[in-house]
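Residue numbers (the numbering used here): 729 to 1483.
Backbone N, C-alpha and C define an ideal beta-carbon position, used for all residues, glycine too.
Report on the structure given below.
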Amino acid sequence: VAIPVQRADRDQVTTLLTAVATAWVNGSTVDWTAVQPGGSPVDLPTYAFEHERYWVDAPPPAAPGSVTDPAEAGFWQAVESGDLATLAGTLGLADDTSLSAVLPALSSWRRDRREESTVDAWRYRVSWSPVRDEIAILSGTWLIVTPAGIDCGHDEIAAALRRAGAEPVRVEYGPGFTVPEAVTGVLSLLALDERPVDGLQGVPAGLTDTVALVRALGEAAVSAPLWCATRGAVSAGAAGGPESPVQSQVWGLGRVVAMEQPDRWGGLVDLPATLDERAGERLAAVLAGGTGEDQVAIRASGVLARRFGRIPADPAPAAEWRPSGTVLVTGGTGALGARVARWLATRGARRLVLTSRRGPAAPGAAELVAELAGLGVAADVVSCDGSDRDALAATLAAIPAEHPLSAVFHVAGVLDDGVLDALTPERFARVLRAKAVAAANLDELTAGLDLSAFVLFSSLTGVVGNSGQANYAAANAYLDALAEHRRARGLPGTSVAWGPWADAGMAGTEDVTNRLRRTGIRPMPADLAIAALARAVDRGETCVSVADVDWAMLAPGLAVVRPSRLFDGLPEARPDGAGETGAVAPDRARALRERLAAASAAEREQIVLDLVGAQAAVVLGHESAAQVDAGKPFRDLGLSSLAAVELRNLLSASTGIPLPASLVFDHPTPAAVAELIRAELVSANGSGGSAGAELDRLEAALAKVSPGDAEATAIAARLQRLLPRLTGGADDGDGLDEATADDLFKIIHEEFGKS
């Protein structure tokens, strides 16, 4: 174990103590009386360590004298040098201001700097990185699935795959669709169909058909990778922005499929308007895996890969955005909408229109209006469904001309979570109406108005994916693309992809919050989230993600489920660059393998069974594995489909091995899952198919023999004859010190017969 005792970005005391603790938990001896003079050892408590805590964690104390913020360093330098002019200028005070005024200003300045530093650490954005061209080598049958009645340029695509060595077969998707046998890969062009599904407002056929295709491939047990192609769904650095925001919904969907069904997912590729021979070669290289990327755009300049990274802190002050006239807030009576309304009041807004489906009848609406009135804001609460274009148009028309609409904040949204196999087109429609359809209506109806801000509340789910939220991811991916599309048209557009807010929003339920925490995504205090919103609006940003992420927890879990280069731009998301708890999951998996290697066969079974029980308890909300019956089917234990995906992900992260999405369905009890994992781990340790594995089977068989009977005596005698071969003692000349695995198999076969 390599342990750093000095870190450039961390104070020395914390780093050293962390190093000592890390050494101790990895088996080294530590003289704790030297670490803590005057202290005395105490016995560990007898109860289990994995218990439920109710205490709020205090922030770690800063090392005395440590200053890492450049602004703070300059401030304290002015203090130490006695530079009154610089100090007064920093605090915004006159040179002769008394200390009684300085101290509150100093406290406020310090608090603001801490807030800015925290918010800066939460800010991310998507970028596109060029990928080196690779030679494409394809083989086998590649299925090209096209929508009915649309020319998707499939002939050019088929020609490109054929030049790379594949045998392309085009199949038009529709009733009676069947999957040919022996398919090497699948390229879907269904996303290019933007026609709405009959009877489902705002739901493109390309989205629901893609979902149906994923299911059909699963039902046909096709393990070949599925790639979904779009055209103009992403900007990929282009000044013109995405030309087809509707197709971006498949990008949101695909990122969830990658998590739920990683063993059958290939990736996402955005095609150029014209697929010439060079672009065709690049497409074939992407499908062949030569680039190592699974979210790419093919452009005239080459292949561009999607990346997710931090936004560098910008110390330059931004002009503070100030609302005027009337500001519209959709979902304005909800938890998030109410907080946005209060913030708008602090920014100077004097007229607000707050829409929601229930309008004045919404819980807390009257109290919110009264509170805003106390802040000098006239707020109208209107019952209006943003997906109803006529109703929305009437609401906008009712805004008085003397107080024209100046800004829009689209906060409304609904959740309808479920794994992909359970999401019907109607469930997609419900989520899309609240998010995407309403946003499209707002875009269209306000395009001719002089707006100073058009802000969309998106979700981190649409940017990186989240199991069980394919419909939500699709809707929010559209919002991000719409903001870029508006900017390309010269209109204001800001989309903020939020992580969960604490005690607010749709992720405020205990179940959702706990699930997110287990992946490493922590709820953000609402006041700091509002500060992040202000930062994005003030700076006129187009797409920004805001989330409090523990990458040491999230990145290893994602990498085990499905390796991706999406986070290559984040040093803390790489195993060699994680934070204080860096590489926790890999270390845990390594420790598990070492325990299994040193254990007997019976002990191995119990170790893995305990692991499965513990993780199942976490997902089910139990206090310990003792409450999980190893022989009881998961469905009887109360495990939902979404929880099954989460359990698969937790076990993959804990063991370091990829597990199928159908894990708990193919292996319906904790004991069955444990047996599968044990076999995989034994095989990964190099003992599968070896003498060690045969000895495991022998040990398990001997456990069933009664000591002292005739069979036990005969077996003991045969084992005694075998022992000298293992210890190098006198025998028939066949020592094992240079024996191969085949030699060991032969010896076991000779001594014990065919097993």
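Under DSSP, SER1029 takes part in no beta bridge, so it has no partner. Listed as beta-bridge partners of ASP998 by DSSP are THR958 and ALA1025. Under the three-state reduction of DSSP, HIS1395 is assigned to coil, being neither helix nor strand.
HIS1138 sits in a strand when the DSSP states are folded into three classes. Residue environment: ASP1364 is assigned as exposed (fewer than 16 neighbouring CB atoms within 10 Å of its CB, all protein chains considered). Secondary structure at ASP1149: helix, using DSSP grouped into helix, strand and coil. Below 8 Å, enough C-beta pairs join the region 1029-1048 and the region 856-868 to call them touching: three or more. Excluding five sequence positions before and after LEU1207, the CB atoms of its chain that fall closer than 6 Å to its own CB belong to ALA1167, LEU1184, SER1186 and SER1223, given in chain order.
For PRO1220, the closest of PRO1228, ALA1211 and GLY1227 by C-alpha to C-alpha distance is ALA1211.
Closest in alpha carbon position to GLU1403, among LEU1367, ARG1161, GLY1359 and ALA1372, is GLY1359.
Rounded to the nearest whole angstrom, the CA to CA distance from ASP991 to GLY1017 is 14 Å.
The straight-line gap separating the alpha-carbon atoms of ASP840 and ARG1117 is approximately 42 Å.
C-alpha of ALA1162 to C-alpha of VAL1142: approximately 6 Å in a straight line.
Of LEU1103, ILE1258 and VAL1289, the smallest CA-CA separation from PRO1388 is found for VAL1289. Of SER1134, VAL985 and LEU1409, the smallest CA-CA separation from TYR1200 is found for VAL985.
Assignment of beta-bridge partners to LEU1367 by DSSP yields no partner. In this structure, ILE865 keeps its C-beta atom at 9 Å or more from the C-beta atom of ILE885. Going by C-alpha positions, ALA1063 is about 48 Å away from GLU1333.
For the pair VAL1336 and LEU1367, the CB atoms are not nearer than the 9 Å cut-off. Straight-line measurement puts the Cα of ARG838 at about 15 Å from the Cα of LEU821. Annotation: the region 1041-1068 contains the following complete segments of the beta strand (DSSP E) (minimum length 3 residues), in chain order: 1054-1058.
Residue burial annotation: THR958 is buried, with at least 16 other C-beta atoms found within 10 angstroms of its C-beta. Ranked by Cα distance from LEU1103, the options ALA1329, TRP1071 and PRO903 are led by TRP1071.
One Cα belongs to GLY893, the other to SER867, and the distance between them is close to 5 Å.
As for any beta strand (DSSP E) of minimum length 3 sitting wholly inside the region 884-972, the runs are 895-900, 911-916 and 954-959, ordered along the chain. In the three-state DSSP reduction, PHE1295 falls in the coil class, being neither helix nor strand. For PRO1043, the closest of ASP848, GLN1023 and TRP1226 by C-alpha to C-alpha distance is ASP848. Taking C-alpha positions only, ARG1067 is separated from PHE1182 by approximately 17 Å. THR1074 is classed as exposed because its beta carbon has fewer than 16 other beta carbons within 10 Å across all chains shown. ASP1266 is not a Cβ neighbour of TRP993, given a cutoff of 9 Å.
Taking every protein chain shown into account, the CB of THR1058 has 16 or more other CB atoms within 10 angstroms, so this residue is buried. In this structure LEU1298 does not touch THR1247 by the C-beta definition: roughly 15 Å separates them, more than the 8 Å allowed. Where ILE872 is concerned, the enclosing beta strand (DSSP E) starts and stops at 869-874. In the DSSP annotation of this structure, THR1019 is not part of any alpha helix (DSSP H), being labelled neither H nor E.
Our two residues, VAL1356 and VAL758, have alpha carbons roughly 37 Å apart in a direct line. In the displayed model, SER1223 falls within a strand according to three-state DSSP.
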